[in-house]
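Novice: Please find one structure pasted underneath; my questions will follow.
Numbering (full-length UniProt numbering), first residue to last: 1 to 321.
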């Protein structure tokens, strides 16, 4: 685990659609670096297009046949929509960033240490998506030489688009999925995000998540049981990307979770950091099966969260067996 001071950071084929991407060279406020600004514009355009696709397919989900398969266990379904959404993201990125690498949950890909890598989770919260629970998202991040410089998380069910760029702040936009064109710039109606200023762990609302294997869930259950004695309450909502955005906007005070993959948190961690959070993340190349710990909270709550997890036996990795 990285040290807490490490800020790591219509046709039957939906892919026949051809969303118009924003000009990646459109300039943003001067607080953004040119590179981060350009990649944020691309990330917003692509993630919003993917969010529209997920929204439209959710409305048709009852009509889809053979829609569910499994990934790592019987409790972890993957849908046709997962796959088609990632394919859409890859195709759109190839039109504006043909030389970049794409690293995604469904199709994998390389994760080089140098150059630009787009990290995509086409649907974070697949189980919620399948059951019609309105808490799932599209997550897309741009990393340059291993550092996340732009990130977008689209809360599809509520039409909220969270986004951030390195040193440019974090924002949320309402209604982007309903607009015919994408506005890549930060606009007046966007709300700037700021983490909760709760400093007392005993009064903190903390979110977390669980893995899909019985062995990991057993250990996570013992940690949660102990944490319930020292925090206000625990929430488990089912999308780590959105959990991190909720920390960024202050609707929860902290988040911790074992066993996340890079695509689960790359965009959300940047959004939380730019909103003022202190973070500790797994090693970039660590697979979720290693069970490393992610922690995110206001800087003045972070050490209390870490101490609480230590007392609960939750600082060590919880690998899948």
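Virtual Cβ for every residue (Gly too), placed ideally from N, Cα, C. Every value quoted in this text rests on a predicted model; they were computed, and no experiment measured them.
1) Should residue 50 go down as buried or exposed, given a rule of 16 or more other Cβ atoms within 10 Å for buried?
2) Run through the DSSP bridge pairs and tell me what residue 103 is partnered with.
3) To the nearest angstrom, how far is it from the Cα of residue 136 to the Cα of residue 33?
4) Identify every run of the beta strand (DSSP E) within the stretch 167–224, keeping only runs that are complete inside it and at least 3 residues long; order them along the chain.
5) Taking the beta carbon of residue 192 as the centre, do at least 16 other beta carbons fall within 10 Å, making it buried, or is it exposed?
6) Quick test of the definition: if touching needs 3 or more C-beta pairs under 8 Å, does the stretch 194–207 touch the stretch 288–306?
7) I'd like to know whether the C-beta atoms of residue 247 and residue 277 end up nearer to each other than 7 Å.
8) Is it the case that the Cβ atoms of residue 125 and residue 239 are separated by a distance below 7 Å?
9) Alpha carbon to alpha carbon, what distance is there between residue 167 and residue 284?
10) If we count the other Cβ atoms within 10 Å of its Cβ and call it buried at 16 or more, is residue 106 buried or exposed?
11) Which same chain residues, not among the five before or five after residue 141, have their C-beta less than 6 Å away from its C-beta?
12) Spell out the partners DSSP gives residue 163 in its beta bridges.
13) Can you pull the DSSP bridge partners for residue 108?
14) Between residue 297 and residue 226, is the Cβ-Cβ spacing less than 7 Å?
15) Run through DSSP, which three-state label would residue 66 get?
16) Taking residue 257 as the reference, which of 251, 237 and 249 has the closest Cα?
17) Have a look at 59, 202 and 245 and flag the residue whose alpha-carbon is nearest the alpha-carbon of residue 228.
18) Express the C-alpha separation of residue 242 and residue 171 in angstroms, rounding to a whole number.
19) Does DSSP classify residue 279 as helix, strand or coil?
20) In terms of residue numbering, what span does the alpha helix (DSSP H) encompassing residue 53 cover?
Specialist: Put simply:
1) buried
2) 119
3) 30 Å
4) 170–174 and 205–207
5) exposed
6) Touching, yes.
7) yes
8) yes
9) 20 Å
10) buried
11) 119, 148, 151, 266 and 267
12) 152 and 171
13) DSSP lists 104 as partners of residue 108.
14) no
15) Low confidence applies here, because residue 66 scores a pLDDT of 44, under 50, leaving its location unreliable; read the following figure in that light. Reduced to three states, the DSSP call for residue 66 is coil.
16) 237
17) The candidate whose alpha carbon is nearest that of residue 228 is 202.
18) 13 Å
19) strand
20) 34–60
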